[in-house]
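Chemist: In the UniProt record's numbering, the protein residues as written are 1 to 444.
Virtual Cβ for every residue (Gly too), placed ideally from N, Cα, C.
Nothing here was measured: the structure is a model prediction, and the numbers come from that model.
Pasting a structure below so you can have a look.
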Ligand code: SF4
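Written out as structure tokens, the structure reads:
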């Protein structure tokens, strides 16, 4: 049987889809398949309809973050109203589906993909293409007869070098994923939960392959995704600057003279204690970014300890000074409203934010969200006081503060409501789910 794969292709989540395409290109399934990119609900419905004309089955692959889950459930219902067919399987992937499979199944998706999707998508295509039960595909959750999410076992994880970060076949490029997983355990963060509490680094040679492919395709800018840029090559909290330099030197060597390397800036960041004069001098030799993003989160030592950040407030200011002296504009991430944050903690953060601004840096303000999968999923966000917001507005007026903190406060309320509706419980594992359990119809 053939399968038409429709990617619900949203700007916010292209990296995840590109990684799946990279996997399908590196180790193609036996099942013949096509790929379509759908950038709106209407386009998704149209691609599903087209897929039903040319293939035996249609797999619609979704990926989303927790704050977007509710809006995308509405979108899914819209698409189903336009085209609903038993040969179509809507698969939710990404961090929210991993953390809350029951929520996404109840919201209307047929299958939740749990954890890393590369191997899962290859096996899922072959299971669907051979009409095999989904029980053989690890890394999924499907409904049982009672509607309860049952898991098919942990997803198979591989070294990052096994698959490309992006798709050559469809010319879908993007940042190169340098490192997956994180040894730190910040209580608000989904990364260690979604992947693992250790670093898995892409090798320098594999990064070189990516850069060469990008240059061959006419690109000149290289960016990376990594939880903490200066942790490249290490398995400890101590950076390995030689490993970082080898990486950046290799990337530079592959780029044309007008090529640019962005490291420690969007879409990645550095930890404050890793910002040393040596590290900044080394970066200056290779990188093209004029700014560096530093994860601070709070100016309160008490809140930094409570959130298990693994550093205090003082290293943040040191990092800002060192980065600025090296010629980088520091953009510093702050997270307001963490559980247990009181007026003194908020005041300490605002003082640090103002000091950052006075040193020429910018504050990237976030509001705490109780994200699924994190230790703080069920924690009550602290109240963000009017005085804090007044200071935000004053800093923003100086051009020293930016961010989506207002929208995140709204997301936080929705996530807290969803968490209450879905109390934590142990996952159920079963070995009998089939395509039909997952929403397939008669005869499938
Ligand atoms: S916030 Fe950054 S350093 Fe902390 S666990 Fe997440 S990815 Fe790691």
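#1: Which word fits residue 203, buried or exposed, when buried means at least 16 other C-beta atoms lie within 10 angstroms of its C-beta?
#2: I need the DSSP call for residue 210, collapsed to helix, strand or coil.
#3: If you reduce the DSSP assignment to three classes, tell me which class residue 120 lands in.
#4: Do residue 9 and the ligand SF4 come close, with the Cβ less than 6 Å from some heavy atom?
#5: For the alpha helix (DSSP H) that contains residue 281, what are its first and last residues?
#6: Can you name the residues that DSSP bridges to residue 34?
#7: To the nearest angstrom, report how far apart residue 38 and residue 44 are at their CA atoms.
#8: Counting C-beta neighbours from all protein chains within 10 Å, is the total for residue 57 16 or more, i.e. buried, or is it exposed?
#9: In terms of DSSP beta bridges, what is residue 297 paired with?
#10: Where does residue 172 sit, in a helix, a strand or coil, going by DSSP?
#11: Evaluate residue 77 with the Cβ neighbour count: other Cβ atoms within 10 Å of its Cβ, from every protein chain shown; 16 or more gives buried, anything less gives exposed.
#12: Here's a check: name, in chain order, each residue in its chain whose Cβ is nearer than 6 Å to the Cβ of residue 439, leaving out the five neighbours to either side.
#13: Can you look up residue 405 in the DSSP assignment and give me helix, strand or coil?
#14: Around the C-beta of residue 424, are 16 or more other C-beta atoms found within 10 angstroms, so that it is buried, or is it exposed?
#15: Report yes if the C-beta distance between residue 208 and residue 250 is below 7 Å; otherwise report no.
#16: Closer than 8 Å by C-beta to residue 434: which residues in its own chain qualify, once you throw out the five before and the five after it? Chain order, please.
#17: Thinking C-beta only, is residue 61 closer than 7 Å to residue 91?
#18: Where does residue 443 sit, in a helix, a strand or coil, going by DSSP?
#19: Run through DSSP, which three-state label would residue 193 get?
#20: In angstroms with no decimal places, state the Cα-to-Cα distance between residue 67 and residue 347.
#21: Suppose the cutoff is 6 Å on Cβ atoms and the five residues either side in sequence are ignored; what does the same chain contact list for residue 371 look like?
#22: Would you tell me roughly how many angstroms separate the C-alpha atoms of residue 99 and residue 170, rounded to the nearest one?
#23: Does residue 267 pass the burial test, meaning 16 or more other C-beta atoms within 10 Å, or should it be called exposed?
#24: Tell me, to the nearest whole angstrom, how far the beta carbon of residue 252 is from that of residue 221; I am working on the premise that it is less than 8 Å.
#25: Do the CB positions of residue 373 and residue 333 come within less than 7 Å of each other?
#26: Pick helix, strand or coil for residue 148, following the three-state DSSP scheme.
#27: In chain order, what are the residue ranges of uninterrupted beta strand (DSSP E) at least 3 long that sit wholly in the segment 301–331?
#28: With a cut-off of 8 Å on the beta carbons, I'd call residue 363 and residue 319 a contact; round off their distance for me.
#29: Assuming the contact rule is C-beta atoms closer than 8 Å, residue 396 and residue 352 should be a hit. Round their C-beta distance to whole Å, please.
#30: Starting from the C-beta of residue 196, find all residues in its chain whose C-beta is less than 7 Å away, skip the five residues before and the five after it, and write them out in chain order.
#31: Using only the heavy atoms of the ligand SF4, determine whether one of them is closer than 6 Å to the beta carbon of residue 15.
#32: For residue 141, count neighbouring C-beta atoms within 10 Å of its own C-beta (all shown protein chains included) and say buried if the count is 16 or more, exposed if not.
#33: Nearer than 6 Å: is that true of the beta carbon of residue 179 relative to any heavy atom of the ligand SF4?
#34: On a CA-only basis, which of 229, 322, 173 and 166 is nearest residue 361? Give me that one, please.
#35: Which stretch, first to last residue, makes up the alpha helix (DSSP H) that contains residue 13?
#36: Between residue 345 and residue 300, how many whole angstroms is the CB-CB distance? I'm expecting something under 8 Å.
Modeler: The answer reads as follows:
#1: exposed
#2: helix
#3: helix
#4: no
#5: 277–286
#6: 4
#7: 5 Å
#8: buried
#9: 334
#10: strand
#11: exposed
#12: Bear in mind that a pLDDT of 40 at residue 439, under 50, signals an unreliable position, so the number given afterwards is only what the model happens to contain. Closer than 6 Å at the Cβ level, and outside the excluded window around residue 439, lie 110.
#13: helix
#14: exposed
#15: yes
#16: Here residue 434 scores only 43 on pLDDT, less than 50, and its place in the model is too uncertain to base an answer on.
#17: yes
#18: Low confidence applies here, because residue 443 scores a pLDDT of 25, under 50, leaving its location unreliable; read the following figure in that light. Of the three classes helix, strand and coil, the one that applies to residue 443 here is coil, per DSSP.
#19: helix
#20: 27 Å
#21: 66 and 190
#22: 30 Å
#23: exposed
#24: Residue 252 to residue 221, Cβ: 13 Å. No contact.
#25: no
#26: coil
#27: none
#28: So it is not a contact: roughly 14 Å between Cβ atoms.
#29: Their Cβ separation, rounded to whole angstroms, is 16 Å, which puts residue 396 and residue 352 out of contact at 8 Å.
#30: 181
#31: no
#32: buried
#33: no
#34: 322
#35: Careful: residue 13 lies outside any alpha helix (DSSP H) and carries neither H nor E.
#36: 4 Å
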